[in-house]
Amino acid sequence: MSDRRPQGMLTHSDRAYLLGESSPKTNAAERKKRQRIRRRIRNAILDFSVLVYLDWRDLELIFDELVTESGMIGDRALYDGLIDMIELAMRQSTLQGVDFGRMMEIATLRSVGVYHLVYRGWLVDVETARETTVKPEQSIPLEEVPEAIDRFEEIPLPAALALEEFGVTTLEGVYELAEMYANEAFITDQT
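If you use UniProt numbering, the sequence shown corresponds to residues 1 to 191, in order.
Right, here's the structure in full:
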């Protein structure tokens, strides 16, 4: 069920639609709804360039409960939302041919530089190391996943996270997803 927290970039109606709890009455209404959602998301992303002007104390208050005094994750929803935000940005920009690693490097350099300037009074030089490698020898084609599981092979963590992203948390779900993929019904065009 969609939560009833205050509106963010998505309205309550948008959340209910995306979670499958409601659906527009007509195909035309659904296209308009999806168009409005895309526009809101794009504009929300552009707003981050303006948020750098928000008072530092206000920014701190947004993340105030992210971590507890003992160093544990305090606000799990915010933490998960940040991970989802980065993952979506990485996936979609990479699909467009953008070097996401370079984007993260620039953001990291700027973030570390600003942090040290504001909180420490230092101008710092920062070195970043970025490397993401797909390991072919540890990769499993989706149609071979059920057999790999039957042989008690371990699924790599990124693969498990990808399955979880699609709501696949059971062995039966893995079999269904592999069958959908084999039948080429895995990715659908919803424009």
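Backbone N, C-alpha and C fix where the C-beta goes; we use that ideal spot for every residue, glycine too. Nothing here was measured: the structure is a model prediction, and the numbers come from that model.
Same chain, Cβ closer than 6 Å to residue i, five either side skipped, listed in chain order
| i | result |
| --- | --- |
| residue 37 | 14 |
| residue 183 | none |
| residue 178 | 142, 143, 145, 146 |
| residue 128 | 105, 108 |
Inter-residue spacing [alpha-carbon to alpha-carbon] between residue i and residue j
| i | j | result |
| --- | --- | --- |
| residue 34 | residue 24 | 10 Å |
| residue 122 | residue 116 | 5 Å |
| residue 162 | residue 175 | 15 Å |
| residue 105 | residue 26 | 44 Å |
| residue 75 | residue 65 | 6 Å |
| residue 109 | residue 144 | 41 Å |
| residue 149 | residue 6 | 42 Å |
| residue 190 | residue 29 | Confidence at residue 190 is low in this model, with a pLDDT of 46, below 50, so the placement of that residue should be treated as unreliable; the coordinate-derived value is given next. Straight-line Cα distance between these residues: approximately 13 Å. |
| residue 112 | residue 133 | 25 Å |
| residue 55 | residue 107 | 19 Å |
| residue 164 | residue 119 | 38 Å |
| residue 49 | residue 114 | 15 Å |
| residue 87 | residue 81 | 10 Å |
Cβ shell of residue i (< 7 Å), same chain only, five flanking positions each side left out
| i | result |
| --- | --- |
| residue 9 | 40, 41, 44 |
Neighbourhood of residue i by C-beta distance below 8 Å, restricted to the same chain and skipping five residues each side
| i | result |
| --- | --- |
| residue 172 | none |
| residue 73 | 66, 67, 79 |
Cβ separation of residue i and residue j, assumed to be a contact under 8 Å, to the nearest whole Å
| i | j | result |
| --- | --- | --- |
| residue 160 | residue 140 | Not confirmed; about 11 Å, so no contact. |
| residue 195 | residue 93 | The structure shown does not extend to residue 195, since the chain is modelled only from 1 to 191, so the question has no answer here. |
DSSP bridge partner residues for residue i (one or two, in chain order)
| i | result |
| --- | --- |
| residue 50 | DSSP output for residue 50 lists no bridge partner at all. |
| residue 73 | 67 |
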